[in-house]
């Protein structure tokens, strides 16, 4: 069944090339949204977004007292005022007007568990613990899809893979590649820790591991990151 989206477009203090924050509700039930701080020309408070609908808000600059904006989302009517769990899509437009800082945070528990996808300029994320702050362009649309059970294959795990790569380097789980002597004087580079062993040690799922290997190869195509039999 093709969903017919009802689009809520909010007037903003500043709109950047019509780029926006988007919350799409694919859940079987309704959700409720607050945009904080309130806008001078209209308050978005406990706004009903029905199943199959979405809310759109052009990037806006908040008041000087509140530099950032939070889209607070709850599956419960008046949920944030009843201390129910909420999911916060937060953003701040940079002073230069060219970048927007985004993050996803959970409050008082997990309102939607991990049943959502956050589509950003860095790829797609699915984590019940939210997403640390990232920077995108104000010309980018950033979409939070609630109750999205699947992410398109070409996007799946890209964002988390990049994050894990940097985290592994920082924790020295993934060491710089070193040359391994080969017959006939050739030399093939491999990481000291092969991908499969690394994934098992960190409890990463197979899709993330595959994406990690692809990301490493793309970052340095002269390095052979292929796993060997000892790691199977």
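Numbering (mature numbering (1 follows the signal peptide of the UniProt record, and there is no 0)), first residue to last: -19 to -1, 1 to 213. Here a beta-carbon is modelled for each residue, glycine too, at the ideal position from N, C-alpha and C. Remember, predicted model here, so these are calculated numbers, not experimental data.
Simplified DSSP state of residue i, which is helix, strand or coil
i	result
residue 65	coil
residue 104	strand
residue 140	Because residue 140 carries a pLDDT of 43, less than 50, the predicted location of this residue cannot be relied on, and the following value inherits that uncertainty. Reduced to three states, the DSSP call for residue 140 is helix.
residue 170	Residue placement at residue 170 is poorly supported in this model, since its pLDDT is 43, which falls under 50; the coordinates are not used for a value here.
residue -18	Model confidence at residue -18 stands at a pLDDT of 37, short of 50, so the residue's coordinates are unreliable; what they give is reported in the following sentence. Three-state result, residue -18: coil.
Candidates the options, of which the one nearest residue i by Cα
i	options	result
residue 16	113, 117 and 68	68
residue 117	127, 31, 75 and 7	75
residue 40	92, 78 and 129	78
residue 36	9, 72, 63 and 3	3
residue 89	50, 54 and 11	54
residue 31	9, 81, 129 and 125	9
residue 33	6, 18 and 24	6
Beta strand (DSSP E) segment containing residue i, residue limits
i	result
residue 48	Looking at the DSSP string, residue 48 is not in any beta strand (DSSP E), and its letter there is neither H nor E.
residue 6	1 to 6
residue 87	80 to 88
residue 26	Residue 26 -> no beta strand (DSSP E), and no H or E assigned at all.
residue 18	Premise fails: residue 18 is in no beta strand (DSSP E) and is neither H nor E.
residue 39	35 to 39
residue 124	123 to 127
7 Å Cβ shell around residue i - same chain, five flanking residues per side excluded
i	result
residue 101	83, 115, 117, 123 and 140
8 Å contact criterion, which residue i and residue j should meet: CB distance rounded
i	j	result
residue 97	residue 127	5 Å
residue -1	residue 121	6 Å
residue 52	residue 38	7 Å
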